[in-house]
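Participant: In the UniProt record's numbering, the protein residues as written are 1 to 261. Glycine residues also receive a C-beta, built at the ideal position from the N, C-alpha and C atoms. For clarity, every value in this text was computed on a predicted model and none was experimentally measured. Take this structure first; my questions come after.
Structure (structure tokens):
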């Protein structure tokens with residue numbers, strides 16, 4: 001991640017002035033100091049999005065997420081602000097994308113069909129299914145299936161960062177992040193969701209697991225992953241889409257079970 005340049009005052013001193021003294025100038029300095037986070041996150045999330053999605057709009061929404069993070073962050077807990085802020089920035093950008101309804105309904109429907117196909121077939125055979133099996137289930141050729149994956153690639157870029165439930169801000173990927181203890185019911189639900197995610201990851205192919213790891217944890221772009229894995233960017237995009245659809249199906253199934261309990 002790009003590191004912002006050091007300010008004249010230490011971060012702790014700036015945070016103290018803002019949080020304890022309510023110094024608006026200190027807040028402004030924090031915003032300016034961490035603007036590079038907005039640039040980094042918005043540029044990364046722009047990868048794979050349609051050209052009609054403005055990078056300026058992504059950045060504008062990201063700034064709102066940064067301001068929200070600065071207002072809510074408790075510097076006294078000794079946590080890493082950059083990590084916390086990155087989630088808030090991503091969330092604000094995703095909210096903006098949802099409001100813009102930038103994905104055609106037909107593309108969303110295709111993504112849902114493939115997600116359901118993975119969920120049904122893998123639940124039936126209890127293993128990772130092949131492209132041939134998915135294509136046969138969908139009654140399309142493997143070539144057509146590949147084209148479908150390319151078409152829906154833009155719907156999977158932010159999928160793990162979508163909320164688990166519509167009314168909550170917790171994301172699927174945040175289940176992998178250690179958090180402060182919450183109420184017992186929440187912890188039980190979180191445990192089963194984590195277990196489902198682990199099982200889902202285990203069912204991914206080796207290449208799919210590598211793409212997920214490099215994209216979400218090493219924070220490489222899809223083009224950078226293509227270089228690392230010596231594959232074409234389009235192939236990496238397909239692997240990413242398949243991995244996300246598998247994981248999304250697993251988590252959605254677990255979510256439905258939890259809501260029924």
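Starting from residue 215, follow the alpha helix (DSSP H) in both directions and report where the run begins and ends.
Facilitator: Sequence index remark: in the chain shown, residue 215 carries index 215 (1-based). Residues 206–216.
Participant: So the alpha helix (DSSP H) residue 132 belongs to, where does it begin and stop?
Facilitator: Taking the chain shown and counting its residues from 1, the one referred to as residue 132 is at position 132. Start and end: 131–138.
Participant: Quick one: give me the first and last residue of the alpha helix (DSSP H) that residue 42 is part of.
Facilitator: Sequence index remark: in the chain shown, residue 42 carries index 42 (1-based). 35–45 is the span of the alpha helix (DSSP H), which, as asked, contains residue 42.
Participant: In whole angstroms, give me the CA-to-CA distance for residue 23 and residue 68.
Facilitator: If you number the chain shown from 1, residue 23 lands on position 23. If you number the chain shown from 1, residue 68 lands on position 68. Rounded to whole angstroms, residue 23 to residue 68 spans 16 Å at the Cα level.
Participant: Go ahead and pull the three-state DSSP assignment for residue 74.
Facilitator: On the chain shown, residue 74 is found 74 positions in, with the first residue counted as 1. Three-state DSSP puts residue 74 in coil, outside helix and strand.
Participant: May I have the straight-line CA-CA distance separating residue 15 from residue 220, to the nearest angstrom?
Facilitator: Working through the chain shown from its first residue, we reach residue 15 at position 15. Working through the chain shown from its first residue, we reach residue 220 at position 220. If you take the alpha carbons of residue 15 and residue 220, they lie about 30 Å apart.
Participant: What separation, rounded to the nearest whole angstrom, lies between the Cα atoms of residue 110 and residue 19?
Facilitator: Translated into positions along the chain shown, residue 110 becomes position 110. Translated into positions along the chain shown, residue 19 becomes position 19. Computed Cα separation, rounded: 47 Å.
Participant: From this set, 222, 230 and 241, which residue's C-alpha is nearest residue 204's C-alpha?
Facilitator: Start at 1 with the first residue of the chain shown, and residue 204 comes out as number 204. Of 222, 230 and 241, the residue nearest in Cα terms is 241.
Participant: Short of 7 Å in beta carbon distance, which residues of its chain neighbour residue 210, apart from the five on each side in sequence? Order them along the chain.
Facilitator: Sequence index remark: in the chain shown, residue 210 carries index 210 (1-based). So the list reads 229, once near-sequence residues are dropped.
Participant: Out of curiosity, what's the CA-to-CA distance linking residue 94 and residue 87?
Facilitator: Sequence index remark: in the chain shown, residue 94 carries index 94 (1-based). Sequence index remark: in the chain shown, residue 87 carries index 87 (1-based). Taking the straight line joining both Cα atoms gives about 10 Å.
Participant: Locate the alpha helix (DSSP H) running through residue 21, then write down its first and last residues.
Facilitator: What you label residue 21 is simply residue 21 of the chain shown in a count that begins at 1. Segment 11–21, the alpha helix (DSSP H) holding residue 21.
Participant: Tell me which same chain residues have a C-beta within less than 7 Å of the C-beta of residue 38, skipping the five on either side of it?
Facilitator: Counted from its first residue, the chain shown places residue 38 at position 38. Here the set comprises 59, 62, 63, 66 and 89.
Participant: When burial is assigned at 16 or more other CB atoms within 10 Å of the CB, is residue 119 buried or exposed?
Facilitator: Here residue 119 refers to the residue found at position 119 when the chain shown is read from its first residue. Taking every protein chain shown into account, the CB of residue 119 has 16 or more other CB atoms within 10 angstroms, so this residue is buried.
Participant: May I have the straight-line CA-CA distance separating residue 36 from residue 11, to the nearest angstrom?
Facilitator: The residue labelled residue 36 in the question sits at position 36 within the chain shown. The residue labelled residue 11 in the question sits at position 11 within the chain shown. So the two alpha carbons sit approximately 15 Å from each other.
Participant: Where residue 79 and residue 73 are concerned, what is the direct C-alpha to C-alpha distance, given to the nearest angstrom?
Facilitator: Locating residue 79 in the chain shown gives position 79, counting from the first residue. Locating residue 73 in the chain shown gives position 73, counting from the first residue. Roughly 9 Å between the two C-alpha positions.
Participant: Rounded to the nearest angstrom, how far is the Cβ of residue 107 from that of residue 151, given a contact under 8 Å?
Facilitator: For the purposes of this step, residue 107 is taken as residue 107 along the chain shown, with counting starting at 1. For the purposes of this step, residue 151 is taken as residue 151 along the chain shown, with counting starting at 1. Yes, residue 107 and residue 151 are in contact; Cβ-Cβ is about 6 Å, under 8 Å.
Participant: Among 153, 115, 127 and 43, which one has its Cα closest to the Cα of residue 104?
Facilitator: On the chain shown, position 104 is the one that residue 104 refers to. Nearest C-alpha to residue 104: 153.
Participant: Looking at residue 249 and residue 133, is the spacing between their C-beta atoms short of 9 Å?
Facilitator: As a working note, residue 133 is residue 133 in the chain shown. As a working note, residue 249 is residue 249 in the chain shown. If you check the CB distance, residue 133 and residue 249 do not come in under 9 Å.
Participant: Give every residue of the same chain whose Cβ lies closer than 6 Å to the Cβ of residue 148, excluding the five residues on either side of it in the sequence, and list them in chain order.
Facilitator: Here the question's residue 148 lines up with position 148 in the chain shown. So the list reads 110, once near-sequence residues are dropped.
Participant: Only counting the same chain, and skipping five residues up and downstream in sequence, which positions put a Cβ closer than 7 Å to that of residue 117?
Facilitator: Your numbering for residue 117 matches position 117 in the chain shown. The answer, listed in chain order, is 134, 137 and 138.
Participant: Could you check which residue in 126, 91, 235 and 17 has the C-alpha nearest to that of residue 42?
Facilitator: Reading the chain shown from its first residue, position 42 is the one you call residue 42. Nearest C-alpha to residue 42: 91.
Participant: Taking the alpha-carbon of residue 45 as reference, which of 223, 126, 251 and 243 has the nearest alpha-carbon?
Facilitator: In the chain shown, residue 45 corresponds to position 45, counting from 1. It is 223.
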